[in-house]
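2 protein chains.
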Amino acid sequence: MKNYTKVNVGNEPRTELHDLLGLTGAEVSFNNLPAGAGVPFVHSHKNNEEIYIVLEGKGTATLDEEVVTLNKGDVIKVAPTTKRQFKASDKEGISYICIQVKADSLKEYTANDAVIY
Amino acid sequence: MKNYTKVNVGNEPRTELHDLLGLTGAEVSFNNLPAGAGVPFVHSHKNNEEIYIVLEGKGTATLDEEVVTLNKGDVIKVAPTTKRQFKASDKEGISYICIQVKADSLKEYTANDAVIY
Numbered sequence: 016m017k018n019y020t021k022v023n024v025g026n027e028p029r030t031e032l033h034d035l036l037g038l039t040g041a042e043v044s045f046n047n048l049p050a051g052a053g054v055p056f057v058h059s060h061k062n063n064e065e066i067y068i069v070l071e072g073k074g075t076a077t078l079d080e081e082v083v084t085l086n087k088g089d090v091i092k093v094a095p096t097t098k099r100q101f102k103a104s105d106k107e108g109i110s111y112i113c114i115q116v117k118a119d120s121l122k123e124y125t126a127n128d129a130v131i132y
Numbered sequence: 016m017k018n019y020t021k022v023n024v025g026n027e028p029r030t031e032l033h034d035l036l037g038l039t040g041a042e043v044s045f046n047n048l049p050a051g052a053g054v055p056f057v058h059s060h061k062n063n064e065e066i067y068i069v070l071e072g073k074g075t076a077t078l079d080e081e082v083v084t085l086n087k088g089d090v091i092k093v094a095p096t097t098k099r100q101f102k103a104s105d106k107e108g109i110s111y112i113c114i115q116v117k118a119d120s121l122k123e124y125t126a127n128d129a130v131i132y
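Chains as they are written, first to last, in my numbering: chain S, 16 to 132; chain X, 16 to 132.
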């Protein structure tokens with residue numbers, strides 16, 4: 016395995032990094048929705064947890080029956096079976112990262128998985 | 016399992032989200048290094064892949080023997096055994112996200128793991 020891979024992500028509507036970077040433990044996507052736009056479907060997952068990070072702008076996430084407001088710096092973990100749909104606010108677009116990982120897949124991390132030199 | 020958890024991350028030097036959000040498939044940290052500062056040790060991992068996302072600023076990552084420049088929008092996957100050390104540039108700080116996941120843990124994703132409504 017190459018010791019690292021690198022790309023630069025701009026302002027494209029959606030950039031999926033799994034194949035671009037050769038990721039093996041996550042899919043990571045960058046998403047930009049213009050004002051008034053939303054993901055055109057509701058979805059959930061069979062096995063994967065998602066972590067959403069709001070980079071800029073405003074919007075809402077409908078998570079099952081609840082509407083959650085989204086602002087810069089918000090980070091939301093969504094359990095696999097939660098039905099979700101993201102949209103930008105009517106007046107301002109939103110930029111967010113979505114991290115998709117297999118639920119319960121991380122056992123040891125940080126100090127417990129690290130080797131310090 | 017609660018269907019979602021949410022926090023807001025500000026400009027703290029380091030924020031670790033695993034325990035705050037109850038993540039089960041990743042550790043996600045937000046990191047801010049001021050100009051001239053660097054992580055004070057070199058490290059690698061036993062089992063975990065890391066994905067670094069540069070949010071703002073400039074810096075460098077030393078990955079094994081190679082020095083890689085870091086700019087806004089750069090995303091780097093680092094293989095577990097790669098020795099790594101991040102630093103801000105001398106004139107400008109850097110803000111980045113680090114995602115830690117178990118290498119080879121994600122099999123099905125996006126359309127293959129999703130349920131669409």
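Cβ atoms here follow ideal geometry from the backbone N, Cα and C, with glycine treated the same way.
Where do the ends of the alpha helix (DSSP H) carrying residue 35/X lie?
What you label residue 35/X is simply residue 20 of the second sequence in a count that begins at 1. Run containing residue 35/X: 33 to 36, per the alpha helix (DSSP H) assignment.
Which one of 107/X, 128/X, 61/X and 31/X has the shortest CA to CA distance from residue 48/X?
Residue mapping note: residue 48/X aligns to position 33 of the second sequence, counting from 1. Answer by Cα proximity: 107/X.
Chain X partners of residue 102/S, CB-CB under 8 angstroms?
The residue labelled residue 102/S in the question sits at position 87 within the first sequence. Result: empty, since nearest Cβ-Cβ is about 15 angstroms, beyond 8 angstroms.
Under 7 angstroms Cβ-Cβ, which residues of chain S neighbour residue 37/X?
As a working note, residue 37/X is residue 22 in the second sequence. In chain order: 92.
Using a Cβ-Cβ cut-off of 8 angstroms (strictly less than) and excluding sequence neighbours within five positions of residue 97/X, which residues of its own chain qualify?
Within the second sequence, numbered from 1, the residue matching residue 97/X stands at position 82. Result list for residue 97/X: 59, 78 and 79, in chain order.
Taking residue 111/X as the query, report the chain S residues whose CB atoms sit under 8 angstroms from its CB, ordered along the chain.
Locating residue 111/X in the second sequence gives position 96, where the first residue counts as 1. Correct list: empty, because the minimum Cβ distance to chain S is about 12 angstroms.
Apart from the five residues just before and just after residue 93/S, which ones in its own chain have a Cβ nearer than 6 angstroms to its Cβ?
Position 78 of the first sequence, counted from the start, is the residue given in the question as residue 93/S. Here the set comprises 65 and 99.
Just to confirm my understanding: we take residue 85/S, look at its own chain, exclude 5 residues before and 5 after, and list those with CB closer than 7 angstroms. What are they?
In the first sequence, the residue the question calls residue 85/S occupies position 70. Closer than 7 angstroms at the Cβ level, and outside the excluded window around residue 85/S, lie 69, 73, 74, 75, 76 and 109.
Can you check which of these residues, 119/X, 115/X, 89/X and 55/X, is closest to residue 42/X by C-alpha distance?
For the purposes of this step, residue 42/X is taken as residue 27 along the second sequence, with counting starting at 1. Ranked by how close their Cα comes to the Cα of residue 42/X, the residues 119/X, 115/X, 89/X and 55/X have 115/X in first place.
To the nearest angstrom, how far is it from the Cα of residue 24/S to the Cα of residue 53/X?
Position 9 of the first sequence, counting from 1, holds the residue named residue 24/S. Position 38 of the second sequence, counting from 1, holds the residue named residue 53/X. One C-alpha to the other measures close to 24 angstroms.
I need the straight-line Cα distance from residue 30/S to residue 44/S, nearest angstrom please.
Stepping through the first sequence from its first residue, residue 30/S is reached at position 15. Stepping through the first sequence from its first residue, residue 44/S is reached at position 29. If I take the Cα positions, the gap works out to 5 angstroms.
Could you pull the start and end residues of the beta strand (DSSP E) that residue 74/X belongs to?
One-based indexing of the second sequence puts residue 74/X at position 59. Segment 74 to 78, the beta strand (DSSP E) holding residue 74/X.
Express the C-alpha separation of residue 50/X and residue 18/X in angstroms, rounding to a whole number.
If you number the second sequence from 1, residue 18/X lands on position 3. If you number the second sequence from 1, residue 50/X lands on position 35. When rounded, the distance between both Cα atoms is 39 angstroms.
Between the Cα of residue 104/X and those of 87/X, 37/X and 91/X, spot the shortest distance and give me the residue it belongs to.
Start at 1 with the first residue of the second sequence, and residue 104/X comes out as number 89. Looking at the Cα atoms, 87/X is the closest of the given residues.
Who are the neighbours of residue 74/X on chain S, taking C-beta pairs under 8 angstroms?
Here residue 74/X refers to the residue found at position 59 when the second sequence is read from its first residue. Within chain S, no residue comes near residue 74/X; the closest Cβ sits about 13 angstroms away, beyond 8 angstroms.
Which chain X residues sit within Cβ distance under 8 angstroms of residue 83/S?
Mapped onto the first sequence, residue 83/S falls at position 68. Within 8 angstroms Cβ-Cβ: 19 and 21.
Using C-beta distances below 8 angstroms, list every residue in its chain close to residue 27/X, excluding the 5 sequence neighbours before and after it, in chain order.
Translated into positions along the second sequence, residue 27/X becomes position 12. Closer than 8 angstroms at the Cβ level, and outside the excluded window around residue 27/X, lie 45 and 47.
Can you say whether residue 127/X is buried or exposed, counting buried as having 16 or more other CB atoms within 10 angstroms of its CB?
Within the second sequence, the letter at position 112 stands for residue 127/X. By the neighbour-count definition (other C-beta atoms within 10 Å, threshold 16), residue 127/X is an exposed residue.
Please identify the residue among 130/S, 119/S and 131/S whose C-alpha is closest to the C-alpha of residue 40/S.
Counting from 1 along the first sequence, the entry for residue 40/S is found at position 25. Comparing Cα positions, the closest option is 119/S.
Which ranges does the alpha helix (DSSP H) cover as unbroken runs of at least 4 residues, wholly within the region 46 to 74 of chain S, from first to last along the chain?
none
Below 7 angstroms CB to CB, which residues in the same chain sit around residue 35/S once its five sequence neighbours on both sides are set aside?
To locate residue 35/S, count along the first sequence from 1; it is residue 20. Excluding residues within five positions, the ones whose Cβ falls inside 7 angstroms are 22.
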